[in-house]
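Under the numbering used here, think of the first position of the sequence shown as 1147, with each following residue one higher.
Note that the Cβ used here is the ideal one computed from N, Cα and C, for glycine as well.
All figures in this text were calculated on a predicted structure; none of them were measured in a lab.
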Amino acid sequence: MHPKKIVDGVAELGAVLTVEGNDLYVENPEKIYPEVEELIKAYKPRVITYLKGEYSAQQQAIDQTIEKILACFLGEPQDVNGKIQDWLKKDEASADLFLQLFVEWRKNGWMQVREPTANYENHITQELSKIIFNNAMRHFKGG
């Protein structure tokens, strides 16, 4: 999920997300629902990066691609599943990289596969994600 959606959704409820250093604060927290608070917590690193103005369109493209591949692995219905499956059948190296990404998220504490991975990312997962993204773009753009 793009952190802008979270920030905008919180604003629609009458609350504001702010950042001081690496800490995230909610102004008027009584206006948000517990489910929204959980969503904020699940995407906290990305929200902080976004509010600092450091969340690029490229990073969003990488995150969105990885989320779609993960959803495909989990059997969640989406239009691109067939294309993702065909690609990974042909590109075993990328499938292996995605499995390595799973292992790295696990090492970082990600134990619930339906939980967003944002809180379990580090330089290793970010590098693996970039490689997988680049491989996917090369495949889907016919290169």
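Close-in-space but distant-in-sequence residues of the same chain around residue i (CB under 7 Å, 5 per side omitted)
| i | result |
| --- | --- |
| G1255 | Y1266 |
| K1150 | Y1196 |
| V1259 | L1220 |
| V1165 | I1194, L1197 and K1198 |
Given residue i as reference, the closest of the options once Cα atoms are compared
| i | options | result |
| --- | --- | --- |
| E1137 | N1168, D1225 and H1285 | Here the chain covers residues 1147 to 1289 and nothing more, so residue 1137 does not appear. |
| V1153 | E1176, R1192 and P1180 | R1192 |
| V1182 | Y1196, Y1171 and V1156 | V1156 |
| A1161 | I1230, D1242 and N1174 | N1174 |
| L1247 | V1226, F1279 and W1233 | F1279 |
| W1251 | Q1204, E1184, E1273 and Q1205 | E1273 |
| V1226 | P1180, T1271, I1215 and K1236 | I1215 |
| I1277 | T1263, K1253 and S1240 | S1240 |
| I1178 | M1257, L1159, L1185 and K1229 | L1159 |
| Q1204 | L1170, Q1231, H1148 and V1172 | H1148 |
| K1287 | K1229, T1271 and D1242 | K1229 |
Contacts around residue i, its chain only, beta-carbon distance under 6 Å, and the 5 residues preceding and following it disregarded
| i | result |
| --- | --- |
| Q1224 | A1217 |
| A1282 | T1211 |
Endpoints, beta strand (DSSP E) assigned at residue i
| i | result |
| --- | --- |
| Y1171 | D1169 to E1173 |
Continuous alpha helix (DSSP H) stretch holding residue i: start and end
| i | result |
| --- | --- |
| T1164 | Careful: T1164 lies outside any alpha helix (DSSP H), inside the beta strand (DSSP E) at V1162 to E1166. |
| Q1258 | Careful: Q1258 lies outside any alpha helix (DSSP H) and carries neither H nor E. |
| M1283 | H1269 to F1286 |
| K1177 | It is not in any alpha helix (DSSP H) - K1177 carries neither H nor E in the DSSP assignment. |
| G1155 | P1149 to E1158 |
| K1190 | K1190 to L1197 |
Contact belief for residue i with residue j at Cβ below 8 Å, rounded distance in angstroms
| i | j | result |
| --- | --- | --- |
| S1275 | I1194 | With a Cβ gap of about 18 Å, S1275 and I1194 do not count as contacting. |
| H1117 | D1237 | Beyond the ends of the chain as shown, which are 1147 and 1289, falls residue 1117; an answer cannot be given. |
| K1198 | L1170 | That pair is no contact at about 10 Å. |
| L1163 | V1172 | 6 Å |
Beta-carbon proximity list for residue i, same chain, < 8 Å, skipping 5 on both sides
| i | result |
| --- | --- |
| E1261 | A1188 |
| T1271 | L1247, E1250, W1251, N1254 and T1263 |
| Q1206 | H1148 |
In the region 1206 to 1245, which residue ranges form an unbroken alpha helix (DSSP H) of at least 4 residues, counting only runs that do not cross its ends?
1227 to 1236
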